[in-house]
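Take 2 as the starting number for the sequence shown in the working numbering and just add one per residue. Note that beta-carbon positions come from the ideal geometry of N, C-alpha and C, so glycine has one too. Since the structure is predicted, the reported quantities are computational estimates derived from the model, not experimental observations. Heads up: the structure comes next, in structure tokens.
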Amino acid sequence: MAGLGDGSGRGGGAQPPAGGGNGSRWPRVVVPVLAGAAVLLIISALGFAGPSRPGPVQPPAEGSCRRLPLPVPVRQESETVVFPEASYLVDDAGGRPRIDLAGSYRGSVAEGMSIAVISQARSGLPDAMAERHLGDGRYYYQQELRLDERTSCWSAASLSPARDAAGGLLWRIFLVMVPADFGVTAVAAGNEVAERTFKELEVLAVLTIPA
Numbered sequence: 002m003a004g005l006g007d008g009s010g011r012g013g014g015a016q017p018p019a020g021g022g023n024g025s026r027w028p029r030v031v032v033p034v035l036a037g038a039a040v041l042l043i044i045s046a047l048g049f050a051g052p053s054r055p056g057p058v059q060p061p062a063e064g065s066c067r068r069l070p071l072p073v074p075v076r077q078e079s080e081t082v083v084f085p086e087a088s089y090l091v092d093d094a095g096g097r098p099r100i101d102l103a104g105s106y107r108g109s110v111a112e113g114m115s116i117a118v119i120s121q122a123r124s125g126l127p128d129a130m131a132e133r134h135l136g137d138g139r140y141y142y143q144q145e146l147r148l149d150e151r152t153s154c155w156s157a158a159s160l161s162p163a164r165d166a167a168g169g170l171l172w173r174i175f176l177v178m179v180p181a182d183f184g185v186t187a188v189a190a191g192n193e194v195a196e197r198t199f200k201e202l203e204v205l206a207v208l209t210i211p212a
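Below, the structure is given as structure tokens:
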């Protein structure tokens, strides 16, 4: 026998929860799903899908290194380290030339080695002094070449080619591979390098500079 109503037209059985049956759960499910999808879209748009590895650092294009006012041809003697370009500046204040060099390079220097700058005044040619001193043809250690591995550029500043000579000589500048302690162990008084020692070294390149 059916239960009696309460006069309002509704039966006396259990009533469904407010808001309907299963349909009331849809808002609770749809909102988190939509929020999650939005987060995924934002991450994808920002490029955070996964870690990326930087590409290899490329050396600068030839010609991007410092250039001094006067270009100088490079006579390449070895392929161990190559010098595609070089330039120089001569400061002859006081009658004694000081030479700055700069350029680019390709290659690498082995551990325990360095590149030395060694100068030689061409023998038989007189300088600009009244006494007309002749170039002595000897080899003089100047300094270690400064290399910038990041840019593949090199430089050498304030070279003083010889002890006694003034301007007007023709200088040959040798870029030479040497042991890192060469300037301490193999150079004689006055920075002179014995000819027999020089001939045992690997000459990489030669620059000829009038100074």
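TODO: Could you tell me whether any non-hydrogen atom of the ligand NAP is closer than 8 angstroms to the CB of V118?
DONE: Of ligands this structure carries none, so the ligand NAP is not represented either.
TODO: Starting from the C-beta of A181, find all residues in its chain whose C-beta is less than 7 angstroms away, skip the five residues before and the five after it, and write them out in chain order.
DONE: Within the sequence shown, residue 181 is the residue found at index 180, counting from 1. These residues qualify, in order along the chain: G113, M114, S115.
Task: beta strand (DSSP E) segment containing P209, residue limits - done: Indexing the sequence shown from 1 puts residue 209 at position 208. The question names Pro, yet the displayed sequence has Thr at residue 209. T209 -> beta strand (DSSP E) spans 203–211.
Open item on the list: So if DSSP puts V194 in a beta bridge, which residue, or which two residues, is it bridged to?
Closed with: Here residue 194 is taken as the residue at index 193 of the sequence shown, counted from 1. DSSP, once it has assigned bridges, lists Y140 as partnering V194.
Open item on the list: Taking the alpha helix (DSSP H) that V188 belongs to, which residues open and close that run?
Closed with: Looking up residue 188 in the sequence shown gives position 187. First-last for V188: undefined, no H or E at that position.
Open item on the list: Does L102 pass the burial test, meaning 16 or more other C-beta atoms within 10 Å, or should it be called exposed?
Closed with: Position 101 of the sequence shown holds residue 102. Answer is buried; the Cβ neighbour count reaches 16.
TODO: Over the uninterrupted beta strand (DSSP E) stretch that includes L148, give me the two end residues.
DONE: Start at 1 with the first residue of the sequence shown, and residue 148 comes out as number 147. Here the beta strand (DSSP E) through L148 covers 147–149.
Open item on the list: Does Q59 pass the burial test, meaning 16 or more other C-beta atoms within 10 Å, or should it be called exposed?
Closed with: As a first step, residue 59 is located in the sequence shown; it is residue number 58 there, counting from the start. Its pLDDT being 46, under 50, Q59 is placed unreliably in this model, and the coordinates cannot settle the point.
Task: Of the residues G108, L148, P74, Y140, the one placed nearest K200, counting alpha carbons only - done: On the sequence shown, residue 200 is found 199 positions in, with the first residue counted as 1. When only C-alpha atoms are compared, the closest one is Y140.
TODO: Taking S65 as the reference, give the member of D92, A94, G104 with the closest Cα.
DONE: Start at 1 with the first residue of the sequence shown, and residue 65 comes out as number 64. Residue G104 is the option with its Cα nearest to S65.
TODO: Going by DSSP, name the residue or residues bridged to A103.
DONE: Taking the sequence shown and counting its residues from 1, one reaches residue 103 at position 102. Bridge partners of A103: S88, S156.
Task: Supposed contact pair L176 and V118 - C-beta distance, whole angstroms, cut 8 angstroms - done: Position 117 of the sequence shown holds residue 118. Position 175 of the sequence shown holds residue 176. With a Cβ gap of about 6 angstroms, V118 and L176 count as contacting.
Open item on the list: Need the endpoints of the beta strand (DSSP E) that V75 sits in, please.
Closed with: Position 74 of the sequence shown, counted from the first residue, corresponds to residue 75. Segment 75–77, the beta strand (DSSP E) holding V75.
Task: Given S79 as reference, the closest of R67, G108, D92, A87 once Cα atoms are compared - done: By one-based count along the sequence shown, residue 79 stands at place 78. That would be G108, whose Cα lies nearest to the Cα of S79.
- [ ] Express the C-alpha separation of R97 and P57 in angstroms, rounding to a whole number.
- [x] Residue mapping note: residue 57 aligns to position 56 of the sequence shown, counting from 1. Residue mapping note: residue 97 aligns to position 96 of the sequence shown, counting from 1. For P57, the predicted model reports a pLDDT of 44, less than 50, meaning its position is unreliable and no value from the coordinates is stated.
Task: D205, buried or exposed, once every other Cβ within 10 Å from all chains shown has been counted against 16 - done: Looking up residue 205 in the sequence shown gives position 204. Here residue 205 is Leu; the residue named in the question, Asp, does not match the sequence. Counting Cβ neighbours within 10 Å, L205 comes out buried, since at least 16 surround it.
TODO: Tell me whether L71 is buried or exposed, calling it buried when 16 or more other Cβ atoms sit within 10 Å of its Cβ.
DONE: For the purposes of this step, residue 71 is identified with residue 70 of the sequence shown, where counting begins at 1. Per the 10 Å Cβ criterion, exposed.
TODO: For A111, name the three-state secondary structure that DSSP assigns.
DONE: Within the sequence shown, the letter at position 110 stands for residue 111. Three-state result, A111: coil.
Task: Exposure label - S153; buried when at least 16 CB within 10 Å - done: Here residue 153 refers to the residue found at position 152 of the sequence shown. Burial call: buried.
TODO: Assign A117 to one of three DSSP states: helix, strand, or coil.
DONE: Translated into positions along the sequence shown, residue 117 becomes position 116. Here A117 sits in strand by DSSP.
Task: Environment of S159 [buried if 16+ CB atoms lie within 10 Å] - done: Here residue 159 is taken as the residue at index 158 of the sequence shown, counted from 1. That one is exposed.
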